[in-house]
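Chemist: Quick note, this note's numbering runs 40 ahead of the 1-based positions in the sequence shown. Have a look at the structure that comes next, please.
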Amino acid sequence: MNKWLVMLLGLLIALPTAQGQFTPQLVHQQIIGTGRFTTPATVVDDRVMVGTQSGIAVYDLAGKHLTSFHTTSEVTAFAGQRDLIVSGGRDGRLHLWHDQNQLHTEQPSTNAVKQIVFLSSGIIATTFQNEAQVTIWLIRDNRLLPIRTIDTGPRVVIAEQGILTAAGNELTFCDWTFEACHMASPGFALVDLIPTRVAISEQAIVVEKWLWKGDTITQYLEIEPFSLAFLNAEEILVFPRQHAISGQTEFFSLNINTGAASSSLSTARPFKNITAISPDMFILQSHDTLEIWQNNTLTQTIPASIYESDYLSIAGNWIAGGRLTPFLVNIESGFNAANFVGTTHQLTLSPDGTTLLRIPFANQTGVEVWSLEPLQFRTTLWHQGDIGALAFSDNGQRMATYTNAIRLWDMSTLGTLNVISTGFTVGDALALNANGTLLAAGAIDGDYRIQVWEGVLPLTTLQGHQAPITKIIFAGEYLVSADESGEIKVWDISHNRVEFDLTVENFIDIDTNENWSIIVREDNKMSLWDLQNLTEIVTINEVHPGQISAVELDNDRIFIASDSVGVIAIWGIEE
41 MNKWLVMLLG LLIALPTAQG QFTPQLVHQQ IIGTGRFTTP ATVVDDRVMV
91 GTQSGIAVYD LAGKHLTSFH TTSEVTAFAG QRDLIVSGGR DGRLHLWHDQ
141 NQLHTEQPST NAVKQIVFLS SGIIATTFQN EAQVTIWLIR DNRLLPIRTI
191 DTGPRVVIAE QGILTAAGNE LTFCDWTFEA CHMASPGFAL VDLIPTRVAI
241 SEQAIVVEKW LWKGDTITQY LEIEPFSLAF LNAEEILVFP RQHAISGQTE
291 FFSLNINTGA ASSSLSTARP FKNITAISPD MFILQSHDTL EIWQNNTLTQ
341 TIPASIYESD YLSIAGNWIA GGRLTPFLVN IESGFNAANF VGTTHQLTLS
391 PDGTTLLRIP FANQTGVEVW SLEPLQFRTT LWHQGDIGAL AFSDNGQRMA
441 TYTNAIRLWD MSTLGTLNVI STGFTVGDAL ALNANGTLLA AGAIDGDYRI
491 QVWEGVLPLT TLQGHQAPIT KIIFAGEYLV SADESGEIKV WDISHNRVEF
541 DLTVENFIDI DTNENWSIIV REDNKMSLWD LQNLTEIVTI NEVHPGQISA
591 VELDNDRIFI ASDSVGVIAI WGIEE
């Protein structure tokens, strides 16, 4: 945990309440999972930017994730110019950014933002879904100021050079002065103008399979492409040419003067967009992958993964979680994630940050044991039946698993210490105390009791829950339990009694260490409780774009929260 404290030193802000109690402060927030890509990729100052379900992800040309801009809605369009970014969301909001700092927000519409284009320094143009107009904005004093609205009709594409509109079977292109307008007809009515199927340069306009130069519009392709991008004044990149039976997609560049295809390449994925960076570098994009090509060779693949997780594990510099897309993230090395192959039932880190346990979906009778730093597979601990739960002691020396019985493991030898029959079915409610001498399990059937063992000997039975028990946690001298109905109990094990009882409506998750407890509700509010005094300290109105699905506390003053679109927020509790 020392590395965490070093990294966060200087970021924790002390804000004591009037009573001198602790107030949690958000000390760092990072989107480590981008969900899926929601906009075409754009290159701004040698950085690759792409919209996601919860912001804008930024990469360098070597494929390394640099940073993310966090928004409260799915990004549907954005534009960048040097250190300024303007993003637009599905909720109709426009956000102005400088570096990672959000300067200003406007909501001119409730419709999704369709296009944002920088016309010059400090001036942008926007369109919205289902709206027949273009709005011009001035960026001044860190604000977005609307200065002009242009009625265009519903089928419009905006570019730096001007506005392209479609009405019936005619296309009209006007520069931004509207003094030079040209009209042409491809011979059929366009249902829509899709920005990725329009490419505009100083010399030509390409609309799907039609080429428009001067006063002439001609068909230059046999097929309607999914995406177009100019490589230079004469060459245009066309995607796709065809989908092969093998699943590969062929794409090519075309000379607009000669009509000759100069190169034909293929990729194994079904891509939908092309972004040209230079004549020798371009990006192919699907909904969940970016491929960077240089000199007609694939050089980098950037995946977009949903790190949504209904459980999390935190230890030292590591965060693990996820099911369909399991992830392991090292905070110190810049949120670089190492994805595991195949779906995962559960990932759990040892509290000392040295070991990772993985239960794969494909075979839930085995626990894979991995060492960290470097990440290396050690062995599989096999069970007679599917594993329903596992738990570590805080010192990392013991681990417990549940199938039809509880097995207690020695992590130094990876050998079995004891096997305990419970007499009831355990779900995920399994816990070890700090040194591994006490073991507790909660029932999801029968009388919903909690059984505590000291070694292999029954120590006490705790009864009082009226619904299946979903979680139990040792917290110093207490045992904290929660059930499906949202009832949370704090038990004094030594006296076999309930010290505190609380029912939380729309309960989602709870986690506890020796001093603190974090409770999450469906309305995305988190409550921080002081376990020493059994009192609530503060309610945190978190602004996650998705529903918070899990929280995890470490043994110091750090906790993390994960939501349904992959945002993981890291909080510090500071005096």
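Built from N, CA and C at the ideal position, the CB exists for glycine as well.
Let me check one thing: in DSSP terms, what residues is His584 bridge-paired to?
Modeler: Beta-bridge pairing links His584 to no other residue.
Chemist: Which residue from Asp570, Glu545, Glu576, Trp569 puts its Cα closest to that of Glu562?
Modeler: Glu545
Chemist: Can you name the start and end residues of the beta strand (DSSP E) that Gly425 belongs to?
Modeler: Element bounds for Gly425: n/a, residue is neither H nor E.
Chemist: Contact between the segment 205 to 222 and the segment 238 to 256: three or more CB pairs below 8 Å?
Modeler: yes
Chemist: How many angstroms separate the CA atom of Leu48 from the CA atom of Ile613?
Modeler: Note that Leu48 has pLDDT 30, beneath the 50 cutoff, so the model's placement of it is unreliable and no number is given.
Chemist: Tell me the start and end of each unbroken beta strand (DSSP E) in the segment 391 to 470 that is at least 3 residues and wholly inside, in chain order.
Modeler: 395 to 400, 406 to 411, 416 to 422, 429 to 432, 438 to 442, 446 to 450, 455 to 460
Chemist: Please state whether the Cβ-Cβ distance between Gly129 and Ser113 is less than 8 Å.
Modeler: In this structure, Gly129 sits near Ser113, with a CB-CB distance shorter than 8 Å.
Chemist: So, for Asn435: in the same chain, excluding its five sequence neighbours on each side, which residues have a beta-carbon less than 8 Å away from its beta-carbon?
Modeler: Pro391, Asp392, Ala474, Asn475, Gly476
Chemist: Which runs of the beta strand (DSSP E) fall wholly inside the segment 68 to 142 and span at least 3 residues, in chain order?
Modeler: 82 to 84, 87 to 92, 95 to 100, 105 to 110, 115 to 121, 124 to 129, 134 to 138
Chemist: Look up His385 in the DSSP assignment and say whether it is helix, strand or coil.
Modeler: strand
Chemist: Taking the runs of the beta strand (DSSP E) that are 3 residues or longer, which of them lie wholly in the segment 164 to 245?
Modeler: 173 to 180, 183 to 191, 196 to 198, 202 to 207, 210 to 215, 221 to 224, 238 to 240
Chemist: Pull up the distance between the alpha-carbon of Ile598 and that of Ile610, whole angstroms please.
Modeler: 7 Å
Chemist: Would you kindly report the start and end of the unbroken beta strand (DSSP E) that includes Asp551?
Modeler: 547 to 552
Chemist: Helix, strand or coil for Ile484? Go by DSSP, reduced to three states.
Modeler: Coil.
Chemist: Who pairs with Ala617 in a beta bridge, going by DSSP?
Modeler: There is no way to answer for residue 617, as the model of the chain reaches only from 41 to 615.
Chemist: Would a C-beta distance cut-off of 8 Å place Ser411 and Thr394 closer than the cut-off?
Modeler: yes
Chemist: How many angstroms separate the CA atom of Asn295 from the CA atom of Asp320?
Modeler: 15 Å
Chemist: Using DSSP with H/G/I as helix, E/B as strand and the rest coil, what is Ser604?
Modeler: coil
Chemist: Report the rounded CA-to-CA distance for Ala199 versus Val247, giving the unit in angstroms.
Modeler: 13 Å
Chemist: Any idea if Val231 is buried or exposed, counting beta-carbon neighbours within 10 angstroms, 16 or more meaning buried?
Modeler: exposed
Chemist: Secondary structure at His505, three-state DSSP: helix, strand or coil?
Modeler: coil
Chemist: Whose C-alpha, out of Pro310, Ser433, Asn444, Gln121, is nearest the C-alpha of Gln404?
Modeler: Asn444
Chemist: Less than 8 Å between the beta carbons of Glu539 and Val530, yes or no?
Modeler: Yes, the Cβ-Cβ distance between Glu539 and Val530 is below 8 Å.
Chemist: Apart from the five residues just before and just after Asp570, which ones in its own chain have a Cβ nearer than 6 Å to its Cβ?
Modeler: Ile577
Chemist: When burial is assigned at 16 or more other CB atoms within 10 Å of the CB, is Asn553 buried or exposed?
Modeler: buried
Chemist: Drop a sphere of 10 angstroms on the beta-carbon of Asp603, count the other beta-carbons inside from all chains shown, and report buried for 16 or more, exposed for fewer.
Modeler: buried
Chemist: If you scan the segment 264 to 327 from start to end, which runs of the beta strand (DSSP E) of 3 or more residues do you find wholly inside it?
Modeler: 267 to 270, 275 to 283, 289 to 295, 301 to 307, 313 to 318, 321 to 325
Chemist: For Leu470 versus Ala440, is the C-beta spacing smaller than 8 Å?
Modeler: yes
Chemist: Considering only residues of the same chain and omitting the five flanking positions on each side of Thr616, which have a CB-CB separation below 6 Å?
Modeler: Lying outside 41 to 615, the shown extent of the chain, residue 616 is not represented and no answer is given.
Chemist: Once you ignore the five residues that flank Gly202 on each side, which residues in its own chain have a CB closer than 7 Å to its CB?
Modeler: The beta carbon of Gly202 sits closer than 7 Å to the beta carbons of Phe213, Cys214, Asp215, Trp216 from its chain, once the five residues preceding and following it are set aside; these are given in chain order.
Chemist: Apart from the five residues on each side of it in sequence, which residues of its chain come closer than 7 Å, Cβ to Cβ, to Pro235?
Modeler: Gln155, Val197
Chemist: As a quick exercise: from Leu479, Ser349, Val88, pick the residue whose alpha carbon is nearest that of Leu101.
Modeler: Val88
Chemist: Closest to Gly586 by CA distance: which of Leu574, Ser349, Thr543, Gln386 is it?
Modeler: Ser349
Chemist: Give me, in chain order, the residues of the same chain whose beta-carbon lies closer than 7 Å to that of Gln169; leave out the 5 immediate sequence neighbours on both sides.
Modeler: Asn151, Ala152, Lys154
Chemist: Go ahead and pull the three-state DSSP assignment for Ser534.
Modeler: helix
Chemist: Considering only the alpha carbon of each residue, which of Phe292, Gly75, Ile509 lies closest to Thr337?
Modeler: Phe292
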